[in-house]
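Residue numbers (the working numbering): 2 to 130.
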């Protein structure tokens with residue numbers, strides 16, 4: 002019993018003096034204004050198909066059209082890079098009242114391809130090419 006009381010007394014004594022510890026609090030903020038020097042834009046194409054090959058072929062054709070338009074608008078291959086590319090299966094949705102042995106099955110494929118444009122050609126922003 003004496004041991005418990007002694008620990009409680011030490012803890013209480015420490016808590017009483019915790020408010021006497023000096024504290025220093027600092028806060029700061031800054032705003033820097035700098036003119037833009039690069040245009041960044043991420044664009045892409047998502048294609049669904051019955052087969053992975055068919056979806057890939059359609060997606061590649063559409064992305065080639067996008068890249069051709071960008072080049073006609075004045076961008077070069079140095080102004081963009083692949084940002085993301087994926088091929089993944091799509092699945093049958095779960096029925097409202099599935100049978101106990103129901104399992105989803107692949108019903109098609111999704112191909113996603115996007116590029117990141119990063120160019121110093123700021124005058125191209127907002128233009129319709």
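Note that beta-carbon positions come from the ideal geometry of N, C-alpha and C, so glycine has one too.
Return the CA-CA distance between residue 55 and residue 102, expressed in angstroms with no decimal places. 31 Å
Do residue 123 and residue 41 have their C-beta atoms within less than 8 Å of each other? no
How far does the beta strand (DSSP E) with residue 50 in it reach, from first residue to last? 40-50
I'd like to confirm the pairing. Which residues does DSSP put opposite residue 109 in its beta bridges? 91
Round the Cβ separation of residue 93 and residue 113 to the nearest angstrom and send it over; I've been treating them as touching at under 8 Å. Not really, about 20 Å apart at Cβ, beyond 8 Å.
Cβ separation of residue 43 and residue 87, assumed to be a contact under 8 Å, to the nearest whole Å: Between residue 87 and residue 43 the Cβ distance is about 15 Å, and since that is not below 8 Å, they are no contact.
In whole angstroms, what separates the C-alpha of residue 51 from that of residue 28? 58 Å
Measuring straight from C-alpha to C-alpha, what distance separates residue 121 and residue 80? 8 Å
May I have the straight-line CA-CA distance separating residue 96 from residue 109, to the nearest angstrom? 17 Å
So what does residue 116 bridge to, in DSSP terms? 44 and 83
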